[in-house]
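Report on the structure given below.
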Amino acid sequence: DGPHILFIHGMSMNHLCFMPQYSVSNDDENIDLTKHFRIVSFDLRGHGNSAKPWRKKDIAPSKVWADDIAAIIQAKKLHKPIVVAWSFGGYVIADYVRKYGTS
Numbered sequence: 069d070g071p072h073i074l075f076i077h078g079m080s081m082n083h084l085c086f087m088p089q090y091s092v093s094n095d096d097e098n099i100d101l102t103k104h105f106r107i108v109s110f111d112l113r114g115h116g117n118s119a120k121p122w123r124k125k126d127i128a129p130s131k132v133w134a135d136d137i138a139a140i141i142q143a144k145k146l147h148k149p150i151v152v153a154w155s156f157g158g159y160v161i162a163d164y165v166r167k168y169g170t171s
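Taking the working numbering, the leading residue of the sequence shown gets 69, the next gets one more, and so forth.
What follows is the structure, given as structure tokens:
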């Protein structure tokens with residue numbers, strides 16, 4: 069199992085955008101991160117295969133995004149995950165840290 073990594077994608081993307089990071093190659097070696105880390109990637113609310121909210125209150129407040137990350141961490145039983153986020157995913161993780169802290 070190894071350390072946990074949680075990938076959070078950007079706006080209008082989905083969990084598949086991180087697939088190239090799961091296995092890294094260079095001229096000398098191929099490193100399969102899934103052999104060394106527990107990797108979790110998911111679709112943010114309203115993206116990819118997730119549900120598409122129709123009401124503004126289901127997507128607008130930053131609390132909603134923070135609660136979604138907390139739910140993923142709890143459901144997947146992640147312990148102090150390394151968080152990799154880009155673009156809008158950075159805002160989402162900032163919302164999470166503001167509400168839940170870093171513990």
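Cβ atoms here follow ideal geometry from the backbone N, Cα and C, with glycine treated the same way.
Which listed residue (Phe-156, Val-152, Val-160) has its alpha carbon closest to that of Asp-135
Along the sequence shown, read from residue 1 onward, the residue named residue 135 stands at position 67. Ranking the options by Cα distance to Asp-135, first place goes to Val-160.
State the Cα-Cα distance for the pair His-115 and Arg-123, rounded to the nearest angstrom.
Start at 1 with the first residue of the sequence shown, and residue 115 comes out as number 47. Start at 1 with the first residue of the sequence shown, and residue 123 comes out as number 55. Whole-angstrom Cα-Cα distance: 15 Å.
8 Å Cβ cutoff met for Leu-101 and Val-108
The sequence position of residue 101 within the sequence shown is 33, counting from 1. The sequence position of residue 108 within the sequence shown is 40, counting from 1. Going by beta carbons, Leu-101 and Val-108 fall outside the 8 Å limit.
Ignore the nearest five residues each way along the sequence and tell me which others in Ser-130's own chain have a CB closer than 6 Å to its CB.
Working through the sequence shown from its first residue, we reach residue 130 at position 62. The answer, listed in chain order, is Asp-163.
Cβ neighbour criterion (16 or more within 10 Å) applied to Trp-133:
What you label residue 133 is simply residue 65 of the sequence shown in a count that begins at 1. Answer is buried; the Cβ neighbour count reaches 16.
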